[in-house]
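Going line by line, the protein sequences match chains A and B. Residue numbers for the first sequence follow numbering that gives the first Met the number 0, beginning at 0 and rising by one. Residue numbers for the second sequence follow numbering that gives the first Met the number 0, beginning at 0 and rising by one. Heads up, the beta-carbon is just placed ideally off N, CA and C, and yes, glycines get one too. None of these values were measured; they are calculated from a predicted model. Inspection log for the structure reproduced underneath, given as structure tokens.
Number of protein chains: 2
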Amino acid sequence: MSDSTDLKKAGLKATLPRLKILGILEEPRARHMTAEDVYKALLDMGEEVGLATVYRVLTQFENAGLVIRHNFEGGRSVFEINQGGHHDHVVCVECGEVFEFYDPAIEERQRRVAETLGFHVDSHSLYMYGTCLGMKREGRCSKRTVSGPAAPDEP
Amino acid sequence: MSDSTDLKKAGLKATLPRLKILGILEEPRARHMTAEDVYKALLDMGEEVGLATVYRVLTQFENAGLVIRHNFEGGRSVFEINQGGHHDHVVCVECGEVFEFYDPAIEERQRRVAETLGFHVDSHSLYMYGTCLGMKREGRCSKRTVSGPAAPDEP
DNA sequence: TTTTTGCATGGGAATCGTTCTAGTTTACAC
DNA sequence: GTGTAAACTAGAACGATTCCCATGCAAAAA
Numbered sequence: 000m001s002d003s004t005d006l007k008k009a010g011l012k013a014t015l016p017r018l019k020i021l022g023i024l025e026e027p028r029a030r031h032m033t034a035e036d037v038y039k040a041l042l043d044m045g046e047e048v049g050l051a052t053v054y055r056v057l058t059q060f061e062n063a064g065l066v067i068r069h070n071f072e073g074g075r076s077v078f079e080i081n082q083g084g085h086h087d088h089v090v091c092v093e094c095g096e097v098f099e100f101y102d103p104a105i106e107e108r109q110r111r112v113a114e115t116l117g118f119h120v121d122s123h124s125l126y127m128y129g130t131c132l133g134m135k136r137e138g139r140c141s142k143r144t145v146s147g148p149a150a151p152d153e154p
Numbered sequence: 000m001s002d003s004t005d006l007k008k009a010g011l012k013a014t015l016p017r018l019k020i021l022g023i024l025e026e027p028r029a030r031h032m033t034a035e036d037v038y039k040a041l042l043d044m045g046e047e048v049g050l051a052t053v054y055r056v057l058t059q060f061e062n063a064g065l066v067i068r069h070n071f072e073g074g075r076s077v078f079e080i081n082q083g084g085h086h087d088h089v090v091c092v093e094c095g096e097v098f099e100f101y102d103p104a105i106e107e108r109q110r111r112v113a114e115t116l117g118f119h120v121d122s123h124s125l126y127m128y129g130t131c132l133g134m135k136r137e138g139r140c141s142k143r144t145v146s147g148p149a150a151p152d153e154p
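Here you go:
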């Protein structure tokens, strides 16, 4: 399915900036970009898109469920394309690399905790911060992305 | 042990602003305050403390391990006094209430995931966002804090 | 005790990420 | 093709946080 149809399904007009931004986020090497990253990528492509538009579009995409916003440590938001499967994140504070993982047991325990508290969960996030393998072994980080198995769709 | 000794142990001079801020954070009803909250509390007490000092002191306390900084959704940081036991958070997006819980099984699984990735974990955080019991049942939130059992010290 | 030294402070300015505003342009149903 | 609501750009505004620097104060040295 084309990006254009994705957008229309989400109730958004298929404008050029939106298509470009969606295209950037869909590149496999693009995972976990800040708004600034997306903006710079657009400039590099020679596109005339305002930073405000990037923010607006990313927020619209978030509301439409097309992307997921993360609030990693440090205050700035990072965005990743929503490919269905929920997963959690491991962030290397040395090299900035982000690893992903999914652990069904953790998900299940979270569900149970919420149930016990009588709490209706809209979203949840789990982040681990530290240093990655390469950092310990070679004094520098490994700079690779380990994507764990994806989960079936979940809130 | 007095606040003053706490500070000295952390390698910080026991100055008036630091003592006052620590005192505020130690009040049982004070859990999870923003820098602004702390600043306002100081003004209410008639203390002449600059906002910059509040931020500086909170960051020092964080580095010294006296307080923990959380980046909840919405961009602003909240601080809570570090009472040793690690715990995770459930945030009601309706009433802003924050519940705490600790689940040994989740902690253990996280440890295992990090181990598998060869990742050294400095810190980790788990947040669930949604609506709390009272919200569902009475159309308003319960406004109570359920503190789960605390864990033995852990990174 | 006096002097020195150096960290701590307060206030305001600066910065950062993000959002709003105003006026202009565009997509799309007709 | 045309009308209209929605989307766009640039720049100003915003809120949270940090920086800057002259001043204050407390421990160490003289």
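Contact annotation for V112(B) against chain A: F100 and D102 [CB-CB distance below 7 Å, chain order]. L42(A) sits exposed, since fewer than 16 C-beta atoms from the chains shown fall within 10 Å of its C-beta. At a beta-carbon threshold of 9 Å, none of the residues of chain A lie near H31(B); the nearest stands roughly 16 Å away.
Restricting attention to beta strand (DSSP E) runs no shorter than 3 residues, the segment 67–139 of chain B encloses them at 76–80, 87–91, 97–100 and 119–130, ordered along the chain. Residue-level contact check: C94(A) does not touch chain B, since none of the beta carbons of chain B fall below 9 Å from its beta carbon. Going by DSSP, E25(A) is part of the alpha helix (DSSP H) stretching over L15 to E25. Residue contact check for T58(A) against chain B: no CB pair falls below 9 Å.
Interface residue (Cβ-Cβ distance to chain A less than 9 Å): R17(B) is not classified as such. If you check the CB distance, V48(A) and K12(A) do not come in under 9 Å. Among the residues of chain A, those whose CB is under 9 Å from the CB of D121(B) are V92, M127, Y128, G129 and T130, following chain order. In this model, V89(A) and S3(A) are separated by some 32 Å (Cα to Cα). Around the beta-carbon of G129(A), 16 or more other beta-carbon atoms lie within 10 Å, marking it buried. Excluding five sequence positions before and after Y54(A), the CB atoms of its chain that fall closer than 7 Å to its own CB belong to A34, given in chain order. Nearest Cα to H123(B) within the set R75(B), H86(B) and T52(B): H86(B). Inclusion of Y38(B) and L24(B) in the CB contact set at 9 Å is not warranted, their separation being larger than that value.
Across the set Y126(A), L57(A), G22(A) and G45(A), the C-alpha of Y126(A) shows the shortest separation from the C-alpha of C91(A). Using a Cβ distance threshold of 9 Å, V97(B) and V77(B) count as a contacting pair. T33(A) has V77(A) as its beta-bridge partners, per DSSP. The three-state secondary structure of K12(A), taken from DSSP, is coil.
Taking a Cβ-Cβ cut-off of 7 Å, N81(A) has no neighbours in chain B, whose nearest Cβ is about 17 Å from it.
Within the same chain, and ignoring the five residues on either side of G22(A) in sequence, the residues whose Cβ sits closer than 8 Å to its Cβ are D2. Residues of chain B with a Cβ closer than 8 Å to the Cβ of F118(A) are, in chain order, V89, C91, F98, M127, G129, T130, C131 and L132. Between the C-alpha atoms of R75(B) and G64(B) there is a straight-line separation of about 20 Å. Flagged as an interface residue toward chain B: R108(A), by a C-beta distance shorter than 9 Å.
Residues of chain A with a Cβ closer than 9 Å to the Cβ of N62(B) do not exist; the shortest Cβ-Cβ separation is about 14 Å.
Annotation: V48(A) is outside any alpha helix (DSSP H) and is labelled neither H nor E by DSSP. Contact with chain B is found for E72(A), since one of that chain's Cβ atoms lies less than 9 Å from the residue's Cβ. When the beta-carbon positions are compared, A104(A) and A104(B) come within less than 9 Å of each other. When the five nearest sequence neighbours on each side are left out, the beta carbons in the same chain lying within less than 7 Å of the beta carbon of A29(A) are those of I23, in order along the chain.
Look at S1(B) here: in three-state DSSP terms it is coil, with no helix or strand label.
Here E106(A) is buried. Its C-beta has 16 or more other C-beta atoms within 10 Å.
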